[in-house]
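If you want our numbering, it's the position in the sequence shown, counting the first as 1, plus 28.
Glycine included, C-beta positions come from ideal geometry on N, C-alpha and C.
Please read these numbers as outputs of a predicted model, since none were measured by experiment.
See structure below.
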Amino acid sequence: MALKIDDLSSAIRQAKKELRAALPNYREVFAEVEASIGEEAKRIAAQRDRGENVIPEIQFSDIAGRSVSADEIALVKSRGACVIRNVFPREQVQSWDDDIAQYVERNHLDKRLENRAEDKYFGQLASSKPQIYGVYWSKPQVLARQSASLTAARVFLNKLWRNESEGRVHFDPERVPVYADRLRRRPPGSASLGLSAHCDGGSVERWIEGNFRKVYRHVFAGNWRDYDPFDAAFRPDVEEIASPAVCSMFRTFQGWTALTPQGPGDGTLQLVPIANAMVYILLRALQDDVADDDLCGAMPGRALSIKPEFHAPLFEALSSIPKMEAGDTVFWHSDVIHAVEDEHKGAGYSNVMYIASAPACAKNDAYLKRQSPSFLKGESPPDFPADHFETDFTGRATVDDLSPLGRAQLGLDL
């Protein structure tokens, strides 16, 4: 179900009144959080500035061979993100990139983009024009999603979460439903086409909606050190405010697959690699310098913006991901702060397929039932602007392109 709020200012005032009453020492607790997470941000910044990797890297062969070490897993869970190398052979991905270029050119997507539906999801962000194409059903996208290798990587990621707690089983990590998402094709020289720092998966809802409060129950009770970003309790039960590009599936990790080589300076992804940074964000909004009807600028139906005037210590850790080769993937926890560099200073296209990791649960099965007709008709999926560019595209993927795993992941057998 979608959450509806009729009087936002009143809802925010009431939520802050309740949360402060339940945590009367909210100032002292936040001071602890600010000191601890601020120090973590400084450590990450120092490591980054020494030229060291701050985003953990894993070889897909180690996932396939079940040889990822406990230390590597602990670092991924601390940083809330990882790069997985060599998920696909480079030659295959280069062929996919060529196929996508031909697909969008053959079907004159550039002309259709002039009439695209307005996507206001990023409207509050200082930089808010990513070079993203409303294409979901090209054959390379469908083949990548249903591939055995990317499925294995996402099962690995799902299993980093605690899927059983509070007396309930929250999801099945072995089943990986498809969340059909878009493409980014960013030409060299593009400037001011990035995204400033934000989080997806809920904005004002995090403070207002009952199940979101349960997700962050330890934080709002002042026991923030007991908060586990990888405890799935209540996450599949949350209700978001519906809006184009607001994700209504439960994703363990957001992610993308590199179609071209790209690295720092190429208009690439930036992360604040602190898995529990949401603790800072949540408690920051309760402080006395934030207006009673304000949550540090959070707006319903939009990305949750992270702002220097409220969240300055977190920006110290904002780091570009390492150099990616075609066939590498990057994943970040659904609460992790991320951004996209404004300027692409590189020499070639910076292209990606957005493919997240999501587990099977009632929330996600319900979305699949809404999404599967979109695949069959070539329409935009339910969460996205209703452009429906691909309904008459030549070369669009069809049921005949699906493997048995692909059919199951799209929910066609539900």
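Limits of the beta strand (DSSP E) - the one that Q399 falls within: For this step, residue 399 is matched to residue 371 along the sequence shown. No beta strand (DSSP E) contains Q399, which is instead part of the alpha helix (DSSP H) from A390 to K405.
Using the three-state DSSP reduction, which class does W165 fall into: helix, strand or coil? For the purposes of this step, residue 165 is identified with residue 137 of the sequence shown, where counting begins at 1. Three-state DSSP puts W165 in coil, outside helix and strand.
For Y382, report the span of its beta strand (DSSP E) as first-last. The count along the sequence shown starts at 1 and reaches residue 382 at position 354. Y382 -> beta strand (DSSP E) spans S378 to Y382.
Across which residues does DSSP place F281 in a beta bridge pair? What you label residue 281 is simply residue 253 of the sequence shown in a count that begins at 1. BP columns for F281 point to H361 and S385.
Just to confirm the assignment: which complete alpha helix (DSSP H) runs, minimum length 4, are found wholly within the segment 216-292? 233-236, 238-243 and 245-248
Looking only at its chain, what residues have a beta carbon closer than 8 Å to the beta carbon of P350, apart from the 5 residues adjacent to it on each side? Position 322 of the sequence shown holds residue 350. If we look at P350 and ignore the five residues flanking it on each side, its Cβ neighbours are N81, I83, E85, V111, G291 and P292.
Would you report the Cα separation of Q169 and L185, rounded to the nearest angstrom? For the purposes of this step, residue 169 is taken as residue 141 along the sequence shown, with counting starting at 1. For the purposes of this step, residue 185 is taken as residue 157 along the sequence shown, with counting starting at 1. Whole-angstrom Cα-Cα distance: 20 Å.
With DSSP collapsed to three states, give me the class of R203. Numbered from 1 along the sequence shown, position 175 holds the residue referred to as residue 203. Looking at R203 - three-state DSSP - the assignment turns out to be coil, as it is neither helix nor strand.
L332 by DSSP, collapsed to three states: which one? For the purposes of this step, residue 332 is taken as residue 304 along the sequence shown, with counting starting at 1. Correct three-state label for L332: strand.
With distances taken between CB atoms, is the gap from R417 to R210 smaller than 8 Å? Here residue 417 is taken as the residue at index 389 of the sequence shown, counted from 1. Here residue 210 is taken as the residue at index 182 of the sequence shown, counted from 1. Correcting the residue identity first, residue 417 is Phe in this sequence and not Arg. No, these two residues do not count as a Cβ contact at 8 Å.
Same chain only: Cβ atoms within 6 Å of S402, ignoring 5 sequence neighbours per side: Residue numbering aside, residue 402 sits at position 374 when the sequence shown is read from its first letter. Once the five neighbours on either side are set aside, the close Cβ partners of S402 are P409.
Do you know offhand how far L332's Cα is from D393's? Residue 332 sits at position 304 when you count from the first residue of the sequence shown. Residue 393 sits at position 365 when you count from the first residue of the sequence shown. Each residue's alpha carbon lies about 25 Å from the other.
If you draw a straight line from the alpha carbon of L51 to that of G250, how long is it in whole angstroms? Looking up residue 51 in the sequence shown gives position 23. Looking up residue 250 in the sequence shown gives position 222. Answer to the nearest angstrom: the Cα atoms are 6 Å apart.
What does the Cβ neighbour count give for H136, buried or exposed, with the cut at 16 atoms within 10 Å? Locating residue 136 in the sequence shown gives position 108, counting from the first residue. H136 is exposed by the Cβ-count criterion.
Which same chain residues, not among the five before or five after A30, have their C-beta less than 7 Å away from its C-beta? The residue given as residue 30 occupies position 2 in the sequence shown. Taken in chain order, the residues that qualify are E267, E268, I269 and A270.
Between R398, T422 and A354, which has its C-alpha nearest D411's C-alpha? On the sequence shown, residue 411 is found 383 positions in, with the first residue counted as 1. Considering only alpha carbons, the answer is R398.
Measure the C-alpha to C-alpha separation of F338 and L440 and round it to an integer number of angstroms. Sequence index remark: in the sequence shown, residue 338 carries index 310 (1-based). Sequence index remark: in the sequence shown, residue 440 carries index 412 (1-based). Their backbone Cα atoms lie some 45 Å apart in a straight line.
Might you give, ordered along the chain, the residues of its own chain that have their beta carbon closer than 6 Å to the beta carbon of G325, omitting 5 neighbours on each side? Numbered from 1 along the sequence shown, position 297 holds the residue referred to as residue 325. Hits under 6 Å: S333 and K335.
Could you check what DSSP says for I86 in three-state terms: helix, strand or coil? One-based indexing of the sequence shown puts residue 86 at position 58. Here I86 sits in strand by DSSP.
Q75, enclosing alpha helix (DSSP H) - first and last residue: For this step, residue 75 is matched to residue 47 along the sequence shown. Unbroken alpha helix (DSSP H) run through Q75: Y54 to D77.
Would you call A49 buried or exposed, if buried means 16 or more other Cβ atoms sit within 10 Å of its Cβ? In the sequence shown, the residue the question calls residue 49 occupies position 21. A49 is exposed by the Cβ-count criterion.
Are S389 and P264 closer than 8 Å when you measure CB to CB? Residue 389 sits at position 361 when you count from the first residue of the sequence shown. Residue 264 sits at position 236 when you count from the first residue of the sequence shown. In the sequence under discussion, the amino acid at residue 389 is Cys, which differs from the Ser named in the question. Taking 8 Å as the Cβ cut-off, C389 and P264 qualify as a contacting pair.
State the start and end residues of the unbroken beta strand (DSSP E) segment that holds A367. To locate residue 367, count along the sequence shown from 1; it is residue 339. From DSSP, the beta strand (DSSP E) with A367 extends over H366 to V368.
Taking the alpha carbon of A354 as the point to measure from, which residue in E369, L346 and G376 has its own alpha carbon closest? Sequence index remark: in the sequence shown, residue 354 carries index 326 (1-based). When only C-alpha atoms are compared, the closest one is G376.
Can you tell me whether DSSP reads D294 as helix, strand or coil? Here residue 294 is taken as the residue at index 266 of the sequence shown, counted from 1. In this structure, D294 counts as strand in the three-state DSSP scheme.
The segment 90-99 contacting the segment 63-78, beta-carbon criterion three pairs below 8 Å: no
Drop a sphere of 10 angstroms on the beta-carbon of N28, count the other beta-carbons inside from all chains shown, and report buried for 16 or more, exposed for fewer. The chain is shown only over 29 to 442; residue 28 falls outside these bounds and no answer can be derived.
Under the three-state DSSP convention, the category A30 falls into: In the sequence shown, residue 30 corresponds to position 2, counting from 1. Residue state, collapsed to three classes: coil.
Of the residues Y207, D259, R253 and P117, which one's Cα is nearest the Cα of V197? Stepping through the sequence shown from its first residue, residue 197 is reached at position 169. The option with the nearest alpha carbon to V197 is D259.
Among residues of its own chain, excluding the 5 on either side of A208, which ones have a beta-carbon nearer than 6 Å to its beta-carbon? Within the sequence shown, numbered from 1, the residue matching residue 208 stands at position 180. So the list reads Y164 and P409, once near-sequence residues are dropped.
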